[in-house]
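Please read the structure below before turning to the comments.
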Amino acid sequence: MAKEIIRVEHVGMKFNLSKEKVDSLKEYVIKSLKRQLEYNEFWALKDINFTLEKGDRLGILGLNGAGKSTLLKVIAGVFKPTEGKVYKKGKIAPLLELGAGFDMQYTGAENIYLYGAVLGYSKKFIEEKFDDIVAFSELDKFIDVPLKNYSSGMKSRLGFSIATVVAPEILILDEVLSVGDAKFRKKSEGKIMSMFDKGVTVLFVSHSLEQVCRLCNKAVILDHGTIKAFGGIEEVAEVYRKMLE
Ligand SMILES: Nc1ncnc2c1ncn2[C@@H]1O[C@H](COP(=O)(O)OP(=O)(O)OP(=O)(O)O)[C@@H](O)[C@H]1O
């Protein structure tokens, strides 16, 4: 029997959007103390339900603002859902906003430890993998330079190399296959493919239907925070094509 690895049950995510413009932290604190802040409730996800089995590769489709990144963040554990629950088995490698945990004042080497800790790696594990991370990122010459002097592509390369050094059971990809220059993109896609071959379960957001059809066996379409279709890639791709017409 296929092994269930992720179960998303009745997940809802609510954000509070401020009704007025607040220009500074001071203004925010004062208005907050005077209880002058008003919010609009906004549900980015509503009653999301699905399960994935080991080795499934789910493409997440939908227009801008449909809730795709929010769903990945809820599954990765970055956001706690307002409602419902996510059950998951195994180690997760979240490739979300690569390098969101970086500190620009620190060097590349220091950030490997910092970002590794953010991703939950032990110091010993990072020490063992340090050389592999630097080699994959091809940033040897710059590894002792502060990150503020890196280009955005260099930062993404370092982030990708740190996040993919683990052998995860679940891989979460938010449009990260467009990281770096063409050469690094090819190399990063190769690395992801080798993880696919090892039977990892994948959740993958991309605006390219062609890429989703090529890489995934299942897909889900999100529309204003709800599931419009879920199932085998071919049937869902057909629904999505009609939606885009
Ligand atoms: N931290 C937040 N606070 C308030 N609203 C948020 C927050 N994060 C996301 N949202 C809102 O939730 C909705 C869904 O956003 P999300 O980033 O998940 O969409 P998406 O489908 O990934 O879009 P895109 O294709 O543009 O990346 C949007 O309306 C967005 O404004």
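As numbered in my numbering, residues 110 to 354 make up the sequence shown, in order. Beta carbons are placed, not taken as given, at the ideal position from N, Cα and C, and that holds for glycine.
Proximity winner among the options, relative to residue i (alpha-carbon distances)
i: L324; options: T160, M263, S315, G225; result: S315
i: E219; options: G229, I281, L161, E236; result: E236
i: D249; options: S133, G210, G217; result: G217
i: Y148; options: N125, G121, A291; result: N125
i: V311; options: F293, K295, P277; result: P277
i: F293; options: K307, S270, E192; result: S270
i: D165; options: K200, V138, G308, Y349; result: G308
i: D253; options: D332, D290, G121, M213; result: M213
i: K197; options: K163, D306, D290, D283; result: K163
Alpha-carbon to alpha-carbon, residue j and residue i
i: K264; j: K327; result: 31 Å
i: N173; j: L205; result: 16 Å
i: S141; j: K128; result: 13 Å
i: E192; j: D332; result: 18 Å
i: A202; j: K143; result: 42 Å
i: G171; j: V195; result: 21 Å
Test item: CB-CB of residue i and residue j under 8 Å
i: I169; j: V117; result: no
i: C322; j: A346; result: yes
i: G176; j: A153; result: yes
Residue i: CB within 7 Å of a non-hydrogen atom of ligand 1
i: N220; result: no
i: L167; result: no
i: G174; result: yes
i: A338; result: no
i: K177; result: yes
i: L126; result: yes
i: A153; result: yes
i: G164; result: no
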